[in-house]
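There are 2 protein chains.
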Amino acid sequence: MRLVDARETTVSIASNMHNAAISFARMTVSVAALVTDEVRNGRRIIGYGFNSNGRYAQGGILRERLIPRILESPAESLLDPDSGVLDPLRIWDAAMRDEKPGGHGERAVAMAVVDMAAWDLAAKLAGLPLHVLLAERFPNAVRADSAMVYAAGGYYSDGGVEAVQRELLDYTDMGYRAVKIKVGGEPLDDDIRRIEAVRNVLPDDVTLAVDANARLDLDRALDYAERLEPYGLAWFEEPCGPLDYAGFTRLAASYEPPLATGENLLSADDFRNLLRYGGLRSERDILQPDPGLCYGLTEFLRILDLLQEHGWSPQQVCLHGGHQLSLALTAAFGLGPCESYPGLFAPIGGFADGFPIEGGRIGLPDVPGIGLELKGSLVPVLKALAV
Amino acid sequence: MRLVDARETTVSIASNMHNAAISFARMTVSVAALVTDEVRNGRRIIGYGFNSNGRYAQGGILRERLIPRILESPAESLLDPDSGVLDPLRIWDAAMRDEKPGGHGERAVAMAVVDMAAWDLAAKLAGLPLHVLLAERFPNAVRADSAMVYAAGGYYSDGGVEAVQRELLDYTDMGYRAVKIKVGGEPLDDDIRRIEAVRNVLPDDVTLAVDANARLDLDRALDYAERLEPYGLAWFEEPCGPLDYAGFTRLAASYEPPLATGENLLSADDFRNLLRYGGLRSERDILQPDPGLCYGLTEFLRILDLLQEHGWSPQQVCLHGGHQLSLALTAAFGLGPCESYPGLFAPIGGFADGFPIEGGRIGLPDVPGIGLELKGSLVPVLKALAV
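Chains as they are written, first to last, in the working numbering: chain H, 1 to 387; chain B, 1001 to 1387.
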């Protein structure tokens, strides 16, 4: 068994929305395929991966560094010596050869693309859905065929408060029991009116979180925290810069409800520092890594180990990304609700077609791999890479 | 005055050496040109920049994100409103539009390329050498036409200890009074023998530093620290991971001579955390940012502000990079000795041709800009971009 090719392409996920920090008008992602010489039932086994929204495609790093290193590695060096099967951990090590420590940015995003493809491949080669493979392979994982999700929306657009109200009611109609909207992109008073308007139309048992996308300075974040506190929000996300551990410490000392952060920490190194220095509260606050941005599932396993060392429950993790990899990890490792962006970031955003949300949960498909082929909008992209 | 084009190319700086962490067999860098509509003495004014060694070329990010944003910005938005001249700080802001916070990796390297070109341009437009422009523009800068340098070498290669001895004596013959070699790539006893052998041939007044390139785990770093302490080295560089602030704190508590780190911290955010949490000693330890890797001179000015806030003298900064931008900053801001890699990393490594080192100092050229055109090996690359 060996890899015979690795391919990548760039796909637009442009939209006219924006959060407090950036516009998505030119957003792109990379999609990659790891092609094996293995043919089963007349079909070649190929693993697919992509990166999450927000940090652009990484074609340069994939083509110039990660993919050549994998394809030039001796075939047997990528195999698990016990099983003789291609091993995602060995593919990870091969791709990251001759990379300096630190500087966790676009490289982490590119590696996440390759790593997702490697785990999709591993699950297909095992003939198991990824979430089941994880349950079999890791003692801290369990077999679960559905997972909690929450709907992240409420971006700033031209529709005003009424459009956000309608949007969130659509989510509750779809079956979501937890929703999130943006803050920090308008004056504080306007943002509070937005929260009031949304809270007024949401059913009482639907929880609301808010996300400032790291746009506020610390003084403004403290002003927001004071005004937000009475609403008992599910969490206040990215109130300050992702690397401003002292800022989090200050906020956690005065804001009682949960804080959340993590989508802009792209490595276990950075999560270790957040846990060491961020002053966050393990029984309450929320960590939001994205395995589609921070070096993949393989690095996420290292982050899970860190959480255990620091006394955090996996339930305090709500994965960013809104894709099937985050959903599989949420199910297998018993994490908190997985982020979902209903209708956004096509074709990479969203889960397998035909799985309704019921009581805030969604089912996972029972097919080998991550199940990316069950997402209709993604199929043409995958097919183009398979040729 | 406006930018009419921005171009970039990838240049190989491959060599057969390696440090404790990576091989340089496939190392590349990006070189970029910012082309204006300004013609003086029949020559078009063009600013040039490149990134430092170690983190590869960044053509993808330059072509897909940074350069389009600059070229599509309204021409007047890039001008200083008082002088009407193209302003590096405005070019920086334009290039970084729609970039999420955190994740300081390859983007920082790509931005450093553009920012170097923008400052080269600003100095050419002012008709001044960059180090003189800085002295005129910033109150904490001074006019100085030479700067201290040190020779970084002693990479692992096939030549053994004798080759390293010869190499370092070449440096002292060239006029260097401070040298550095690699450690951490061989067993500790062998590395100590290497240091002994080098110390035995170096004149007593030439200082020696060592660099472990973040390859050691903390236990091994502590073992090294214990064995290195009697040698009274100028510094022990990257004894542990660049983001392992607790590791630095532990080392600083037991190792008396100076520690050094910084080339793998690619942003002011990361330097702030090092200063907050790294336990380093402001009167003794050495910080080594690289303006050719961490978002450029523009971000380095932010790092300088942080140093002042935290009570560090600019003399504790020894810039990484071994290129003319680091040298200009060293001269203008009164920093500690600038890193130099004699004969390595051509065509980007090294300073202007024809300036000998005397007593550990080297002169800076008196031409408008950074003086990149005075480095013969670089001229063909710049000419190709100018066409």
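For glycine and all other residues, C-beta sits at the position ideal for the given N, C-alpha and C.
In this text, all values refer to a predicted model and were calculated from it rather than measured experimentally.
{"Asked": "ILE91(H) versus TYR1231(B): straight-line alpha-carbon distance, rounded", "Found": "41 Å"}
{"Asked": "9 Å Cβ cutoff met for PRO1342(B) and MET1174(B)", "Found": "yes"}
{"Asked": "Interface flag, ASN264(H) vs chain B, CB-CB below 9 Å", "Found": "yes"}
{"Asked": "Residues near GLY360(H) in its chain [Cβ-Cβ closer than 8 Å; skip 5 each side]", "Found": "MET148, VAL149, TYR150, GLY175, TYR176, ARG177, ALA178 and PRO337"}
{"Asked": "Beta-ladder partner(s) of LEU3(H), from DSSP", "Found": "THR36(H)"}
{"Asked": "6 Å Cβ shell around ALA977(B) - same chain, five flanking residues per side excluded", "Found": "Residue 977(B) is absent from the model: chain B starts at 1001 and stops at 1387."}
{"Asked": "Neighbourhood of GLY1241(B) by C-beta distance below 8 Å, restricted to the same chain and skipping five residues each side", "Found": "ALA1214 and GLY1247"}
{"Asked": "Chain-order list of residues whose beta-carbon lies under 6 Å from that of ARG1284(B) (same chain, five-residue window excluded)", "Found": "PRO1258"}
{"Asked": "Short-range partners of chain H found in the stretch 1087-1119 of chain B, where Cβ spacing is below 9 Å", "Found": "ARG1097, ASP1098, GLU1099, LYS1100, PRO1101, GLY1102, GLY1103, HIS1104, GLY1105, GLU1106, ARG1107, ALA1108, VAL1109 and ALA1110"}
{"Asked": "According to DSSP, residues forming a beta bridge with ILE46(H)", "Found": "VAL35(H)"}
{"Asked": "Counted within 10 angstroms of its Cβ, other Cβ atoms place PHE50(H) as buried (16 or more) or exposed", "Found": "buried"}
{"Asked": "GLU1186(B) - partner residues in DSSP beta bridges", "Found": "Paired residue(s): none; GLU1186(B) is not in a bridge."}
{"Asked": "First through last residue of the beta strand (DSSP E) which encompasses TYR150(H)", "Found": "146-152"}
{"Asked": "Status (buried if at least 16 other CB within 10 Å, exposed otherwise) for THR1036(B)", "Found": "buried"}
{"Asked": "Buried versus exposed call for ARG1281(B) [16 or more other C-beta atoms within 10 Å across all chains shown]", "Found": "exposed"}
{"Asked": "Inter-residue CB distance, ILE61(H) and GLY1060(B) (contact presumed, cutoff 8 Å)", "Found": "7 Å"}
{"Asked": "Any C-beta of chain H under 9 Å from that of ASP1269(B)", "Found": "yes"}
{"Asked": "Beta-carbon contacts of HIS1323(B) that lie in its chain and below 8 Å, excluding the five residues immediately before and after", "Found": "PHE1050, SER1052, GLY1292, ILE1348, GLY1349, GLY1350 and PHE1351"}
{"Asked": "Closer than 9 Å to chain H by CB, THR1028(B)", "Found": "yes"}
{"Asked": "Cβ neighbours of PRO1417(B) in the same chain (closer than 8 Å, five flanking residues each side left out)", "Found": "This structure leaves residue 1417(B) out entirely; chain B is present only between 1001 and 1387."}
{"Asked": "C-alpha gap between VAL113(H) and ALA1006(B), whole angstroms", "Found": "29 Å"}
{"Asked": "Whole-Å CB distance - GLU196(H) paired with ILE1022(B), under 8 Å assumed", "Found": "Incorrect: roughly 54 Å between the Cβ atoms, too far for contact."}
{"Asked": "Amino acids of chain H, ordered along the chain, whose beta-carbon sits closer than 7 Å to that of TYR1277(B)", "Found": "TYR277"}
{"Asked": "Cross-strand partners of ILE181(H) (DSSP beta bridge)", "Found": "VAL210(H)"}
{"Asked": "9 Å Cβ cutoff, GLY451(H) in contact with chain B", "Found": "A query on residue 451(H) cannot be resolved here, the shown segment of chain H reaching from 1 to 387 and no further."}
{"Asked": "Whole-angstrom distance between ILE1067(B) and ALA110(H), CA atom to CA atom", "Found": "20 Å"}
{"Asked": "LYS1375(B) and ASP1353(B) closer than 9 Å at C-beta", "Found": "yes"}
{"Asked": "For THR1028(B), the residue or residues it bridges with in DSSP", "Found": "SER1012(B)"}
{"Asked": "Any chain H beta carbon closer than 9 Å to ILE1195(B)", "Found": "no"}
{"Asked": "SER254(H): first and last residue of the uninterrupted beta strand (DSSP E) it sits in", "Found": "SER254(H) -> not in any beta strand (DSSP E); alpha helix (DSSP H) instead, spanning 245-254."}
{"Asked": "Residues bridged to ILE67(H) (per DSSP)", "Found": "The partner list for ILE67(H) (beta bridge, DSSP) is empty, contrary to what the question assumes."}
{"Asked": "Any C-beta of chain H under 9 Å from that of ARG1044(B)", "Found": "no"}
{"Asked": "Per-residue DSSP class, three states only, for ILE357(H)", "Found": "strand"}
{"Asked": "Close-in-space but distant-in-sequence residues of the same chain around GLN17(H) (CB under 6 Å, 5 per side omitted)", "Found": "The question names Gln, yet the displayed sequence has Met at residue 17(H). Cβ within range, chain order: PHE24, TYR155 and SER157."}
{"Asked": "Any chain B beta carbon closer than 9 Å to GLY60(H)", "Found": "yes"}
{"Asked": "Residues bridged to GLY241(H) (per DSSP)", "Found": "Answer is none; GLY241(H) lacks a bridge partner."}
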